[in-house]
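Per this note's numbering, residue 2 is the first one in the sequence shown, and the count goes up by one each step. Even for Gly, the Cβ is constructed at its ideal location relative to N, Cα and C. The block underneath contains the structure these notes are about, expressed in structure tokens.
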Amino acid sequence: MTPYDLVVPGLDARTDPRYRMADIRAADPLGADAVLAAVPAMNADADTAALTVALRALVPEPERAAGWSVVDALAAMRDLGLLLGSLKRHGVQPVAAVPEVLPVLELLGRRTDMVPRDTVHHYTAWNPSGPRRRSYTGHRMEAELQEAVRMSFPALVAALDACGRIARLEPYDPGFALALDRTAHHLQILIDAIDLTVAEVTPEWFARTLRPYFEEIDVAGRDYLGPAAAQVPLWLVDLTLWQCDRSDPAYDAFLAESLPYALPSWREFHTRHRGGVSAVSKLSAALSWESGTPPAPLTAAAESLVRVLRILKSFRARHINLARKAYRDELRLYDEGSGGAPVALLRTVLDLTRDNETLVRRAV
Ligand code: HEM
């Protein structure tokens with residue numbers, strides 16, 4: 002076992018400290034373990050005075066934070082973030098209550114090249130498990146939801162690597178189908194993640210107890226969304242498979258809002274591929290030029306692409322069922338998901354995924 006628990010060939014896993022998940026989970030630069038273990042009890046009592054004191058106690062001197070490695074800076078943001086979300090859940094804007102946290106959030110944001118608050122990656126992939134797990138409620142269902150998102154992270158990073166390859170290849174190249182098969186293999190875990198969530202997290206508990214901890218907070222006059230599963234980089238997989246040239250305004254707007262919450266290398270991935278030709282378009286064009294039976298690599302590419310799109314469709318069909326239950330009228334406290342979009346967006350994205358799958362299936 003290497004010190005890196007995420008090593009994907011061809012990726013900068015050894016040089017990008019954001020992929021050193023074991024190190025980030027182990028880090029406790031604020032000495033916050035004991036204070037954060039008490040947060041679920043403070044939240045259960047809606048004890049905003051105790052939460053404010055806890056946040057104030059953890060805020061480091063900016064000079065000290067400026068010397069931290071990216072690993073420590075990510076861990077510190079994770080730990081401050083638990084208190085930011087907790088205070089907001091009880092109606093307190095955390096930066097207004099503890100103004101000295103503002104320069105530290107801005108500094109940690111700059112140091113890690115991320116937004117000046119915690120994201121879903123801090124809350125899941127970079128969160129320790131076991132007794133050191135950072136949790137708003139300490140409830141088993143919260144841990145299961147964190148686990149579902151956490152297990153998707155390495156698979157999505159590996160899928161992005163394969164998608165980068167797909168974008169560089171033409172469908173006649175046997176490597177095109179191979180890279181699609183690798184993508185399919187990695188994405189399969191998303192279905193397990195949703196099945197785990199459906200089995201372990203009730204929509205009622207999510208809607209009424211957990212969702213309020215994911216509210217946006219104000220940092221220097223700008224609202225930043227809380228840790229939302231919608232920020233996992235599935236939209237970057239879409240980008241190369243179909244979204245870059247076959248999208249929809251609602252999905253485009255959602256991606257524009259999600260982009261700042263991505264890791265720097267994922268934002269670069271987006272810049273590199275957003276004006277490109279998608280796998281669906283490349284394949285459709287290649288098939289339309291063939292008058293007789295298409296050559297074997299092209300048929301293989303089409304079959305592989307259909308397979309990936311079916312996995313995405315299955316994930317999204319299961320996920321939308323869950324989201325509909327949690328956001329139904331009689332249960333929901335919010336009109337939108339924690340990622341800032343309504344359940345209607347999920348319908349749009351599912352329809353687009355299905356349309357692209359149908360198009361490729363019919364083209365062969
Ligand atoms: C109780 C559990 C969950 C509920 C109620 C839920 C609900 C939602 C909602 C309402 C959205 C719309 C955008 C927004 O967040 O504002 C969304 C988006 C999304 N969620 Fe979830 N979600 C849940 C769990 C998960 C899990 C476990 C994952 C992945 C492991 C996930 C992945 C996504 C993704 C990738 C999107 C972006 C839209 C898409 O690609 O289809 N969600 N979710």
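- If you look at D219, you'll find it in the beta strand (DSSP E) that goes 218-220.
- Under the three-state reduction of DSSP output, D336 falls in the coil class, being neither helix nor strand.
- In the displayed model, D174 falls within coil according to three-state DSSP, outside both helix and strand.
- The C-beta distance from P204 to K326 rounds to 4 Å, short enough to meet the 8 Å contact threshold.
- According to DSSP, R223 shares a beta bridge with V220.
- The nearest non-hydrogen atom of the ligand HEM is less than 7 Å from the C-beta of S153.
- Relative to the ligand HEM, even the nearest heavy atom lies 7 Å or more away from the CB of H187.
- Shortest gap from the CB of A156 to any heavy atom of the ligand HEM: 7 Å or more.
- Between R212 and L334, the C-beta gap is smaller than 8 Å, which places the two residues in contact.
- The beta strand (DSSP E) runs lying completely inside the segment 205-271 and spanning 3 residues or more are 218-220, 223-225, given in chain order.
- Taking 8 Å as the cut-off, the Cβ atoms of G165 and R118 do not count as close.
- For R308, the closest C-alpha among the options L181, Y252, D246 is that of L181.
- With contacts defined by Cβ atoms closer than 8 Å, V281 and L106 do not form a contacting pair.
- Taking C-beta atoms under 8 Å as the contact rule, R79 and N128 qualify, at a distance of about 6 Å.
- For T210, the CB stays at least 7 Å from every heavy atom of the ligand HEM.
- Between L37 and A77, the gap from beta carbon to beta carbon reaches 8 Å or more.
- In this structure, DSSP gives D114 a state outside helix and strand, which the three-state scheme calls coil.
- Counting other Cβ atoms within 10 Å of its Cβ, T241 reaches 16 or more and is therefore classed as buried.
- The nearest non-hydrogen atom of the ligand HEM is less than 7 Å from the C-beta of Y328.
- With 16 or more other Cβ atoms from the protein chains shown falling within 10 Å of its own Cβ, R135 counts as buried.
- Annotation for H271 indicates a beta carbon at 7 Å or more from all heavy atoms of the ligand HEM.
- If you draw a straight line from the Cα of A251 to the Cα of L237, it comes to about 16 Å.
- Setting aside the 5 residues that flank it on each side, E101 is surrounded in the same chain by R57, V60, each with a C-beta closer than 8 Å to its C-beta; the list follows chain order.
- With a cut-off of 7 Å, the C-beta of G227 is classified as distant from the ligand HEM, since no heavy atom of the ligand falls inside that distance.
- Its chain contains V202, W206 as the residues whose beta carbon lies nearer than 6 Å to that of M142, once the 5 sequence neighbours on both sides are disregarded; these appear in chain order.
- Fewer than three Cβ pairs drawn from the segment 174-190 and the segment 254-267 lie within less than 8 Å of each other, which leaves the two stretches out of contact.
- With fewer than 16 other Cβ atoms from the protein chains shown falling within 10 Å of its own Cβ, W290 counts as exposed.
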